[in-house]
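Engineer: Please read through the structure below; I'll follow up with questions.
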Amino acid sequence: MTTMKKVPAAAPVALWLGGKKALSAHIIEGIEAVEHRAYIEPFIGMGGVFLRRTWKPVLEVANDFNGEITNLFRILQQHYPQLMDVMRFQIASRREFERLRAVDPSTLTDLQRAARFLYLQRQAFGGMRGHLAFMLSCRVLSVFRLQFCIGRLCLTPLEGTPSFWRLKQASGAVGSF
Ligand SMILES: C[S@@+](CC[C@H](N)C(=O)[O-])C[C@H]1O[C@@H](n2cnc3c(N)ncnc32)[C@H](O)[C@@H]1O
Numbered sequence: 004m005t006t007m008k009k010v011p012a013a014a015p016v017a018l019w020l021g022g023k024k025a026l027s028a029h030i031i032e033g034i035e036a037v038e039h040r041a042y043i044e045p046f047i048g049m050g051g052v053f054l055r056r057t058w059k060p061v062l063e064v065a066n067d068f069n070g071e072i073t074n075l076f077r078i079l080q081q082h083y084p085q086l087m088d089v090m091r092f093q094i095a096s097r098r099e100f101e102r103l104r105a106v107d108p109s110t111l112t113d114l115q116r117a118a119r120f121l122y123l124q125r126q127a128f129g130g131m132r133g134h135l136a137f138m139l140s141c142r143v144l145s146v147f148r149l150q151f152c153i154g155r156l157c158l159t160p161l162e163g164t165p166s167f168w169r170l171k172q173a174s175g176a177v178g179s180f
């Protein structure tokens, strides 16, 4: 594989409904069987497939029309230490979960918004964002898991478009989707 570089697999940022946990190995085997110069992921979610891949082509683009996701990934790319500072004293509590759930994300800074989303996603039962139910978990801040994933995301362009064709145009590449 000449155009591709071996990289360590990273865990997804949090649980996500439809996160391909059971299928990811099979999907990735298919992707990596074909040599490619670009990998464009139109529906990244929490990165269940994107982050678990172990071969990196020249260009990678991640897309999702959910602004909470693209904001979280941008903050992970550019303000990881600051995000850790915001989350350091977060405790797993039902009251905090309900408080953050009631907050309108548009009233927050991007950093606060990313911290809120990560907290809710890490504490929600099964990562079910539509039916957020509190789950007592010590996974509010698993620093190691996030460190691996920022290594994989650091140079990845992030798009937030709902249009497959716009994404293909913006990526300027004929790649694997
Ligand atoms: C099931 S999740 C993706 C799981 C992910 N591929 C993985 O490997 O874990 C589907 C994602 O697609 C996004 N999505 C759905 N329709 C979309 C669209 N038309 N354009 C962009 N993103 C979309 C959702 O916001 C959601 O995050």
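For the sequence shown, position 47 (counting from the first letter as 1) is numbered 50 according to our numbering, and the numbering increases by one without interruption. From the three backbone atoms N, C-alpha and C, an ideal C-beta is built for every residue, glycine too. Please read these numbers as outputs of a predicted model, since none were measured by experiment.
Verify whether the separation of the beta carbon atoms of R108 and R119 is less than 8 Å.
Structural biologist: As a first step, residue 108 is located in the sequence shown; it is residue number 105 there, counting from the start. As a first step, residue 119 is located in the sequence shown; it is residue number 116 there, counting from the start. Here the sequence assigns Pro to residue 108, which means Arg is not the residue at that position. Their beta carbons are under 8 Å apart, which means P108 touches R119 by this criterion.
Engineer: Give me the DSSP bridge partner(s) of E63.
Structural biologist: One-based indexing of the sequence shown puts residue 63 at position 60. Its beta-bridge partners are Y42.
Engineer: Would you mind listing the alpha helix (DSSP H) stretches within the stretch 6–54 that are 4+ residues and don't spill past its ends, in chain order?
Structural biologist: Runs of the alpha helix (DSSP H) inside the stretch 6–54: 27–35.
Engineer: Quick check: the Cα distance between V37 and W58, rounded to an integer number of angstroms?
Structural biologist: As a position in the sequence shown, residue 37 is number 34, starting the count at 1. As a position in the sequence shown, residue 58 is number 55, starting the count at 1. In a straight line, the C-alpha of V37 is about 11 Å away from that of W58.
Engineer: Closest to E3 by C-alpha separation, out of N74, M90, R56 and F68, would be which residue?
Structural biologist: Residue numbering for the chain in the displayed model covers 4 to 180; residue 3 lies beyond these limits and cannot be assessed.
Engineer: What are the start and end residues of each continuous alpha helix (DSSP H) run of 4 or more residues lying completely inside the stretch 56–102, in chain order?
Structural biologist: Whole alpha helix (DSSP H) segments, 4+ residues: 70–81 and 83–90.
Engineer: Please report how far the alpha carbon of E71 lies from the alpha carbon of A14, in whole angstroms.
Structural biologist: Residue numbering aside, residue 71 sits at position 68 when the sequence shown is read from its first letter. Residue numbering aside, residue 14 sits at position 11 when the sequence shown is read from its first letter. If I take the Cα positions, the gap works out to 19 Å.
Engineer: For V16, is the beta carbon positioned less than 7 Å from some heavy atom of ligand 1?
Structural biologist: Within the sequence shown, the letter at position 13 stands for residue 16. Outside the cutoff, so no.
Engineer: Please identify the residue among W19, A95 and T110 whose C-alpha is closest to the C-alpha of F46.
Structural biologist: Counting from one through the sequence shown, the residue named residue 46 turns up at place 43. With distances taken between Cα atoms, F46 lies closest to W19.
Engineer: Quick check on DSSP: helix, strand or coil for L196?
Structural biologist: The structure shown does not extend to residue 196, since the chain is modelled only from 4 to 180, so the question has no answer here.
Engineer: Taking 7 Å as the line, does the beta carbon of N69 fall inside it for any heavy atom of ligand 1?
Structural biologist: Within the sequence shown, residue 69 is the residue found at index 66, counting from 1. N69 Cβ: within cutoff of ligand 1.
Engineer: Cβ of K23 within 7 Å of any heavy atom in ligand 1?
Structural biologist: Sequence index remark: in the sequence shown, residue 23 carries index 20 (1-based). Yes, Cβ of K23 sits closer than 7 Å to a heavy atom of ligand 1.
Engineer: If distances are taken between C-alpha atoms only, which option among Q85, R155, K8 and P84 comes closest to M49?
Structural biologist: For the purposes of this step, residue 49 is taken as residue 46 along the sequence shown, with counting starting at 1. Per the Cα distances, R155.
Engineer: Name, in chain order, the residues that DSSP records as bridge partners for L156.
Structural biologist: Here residue 156 corresponds to residue number 153 of the sequence shown, with the count starting at 1. The partner list for L156 (beta bridge, DSSP) is empty, contrary to what the question assumes.
Engineer: Do N66 and T159 count as a contact pair if the criterion is CB distance below 8 Å?
Structural biologist: The residue labelled residue 159 in the question sits at position 156 within the sequence shown. The residue labelled residue 66 in the question sits at position 63 within the sequence shown. No; because the gap between Cβ atoms is not below 8 Å, this pair is not in contact.
Engineer: On the CB-based measure, 16 or more other CB atoms within 10 Å of its CB, does F100 come out buried or exposed?
Structural biologist: Stepping through the sequence shown from its first residue, residue 100 is reached at position 97. With 16 or more Cβ atoms within 10 Å of its Cβ, F100 is classed as buried.
Engineer: Please say whether T73 and L161 have beta carbons closer to each other than 8 Å?
Structural biologist: Walking along the sequence shown from the start, residue 161 turns up at place 158. Walking along the sequence shown from the start, residue 73 turns up at place 70. Going by C-beta atoms, L161 is nearer than 8 Å to T73.
Engineer: Using 8 Å as the threshold, is the C-beta distance between Y122 and L103 below it?
Structural biologist: Here residue 122 is taken as the residue at index 119 of the sequence shown, counted from 1. Here residue 103 is taken as the residue at index 100 of the sequence shown, counted from 1. Taking 8 Å as the Cβ cut-off, Y122 and L103 qualify as a contacting pair.
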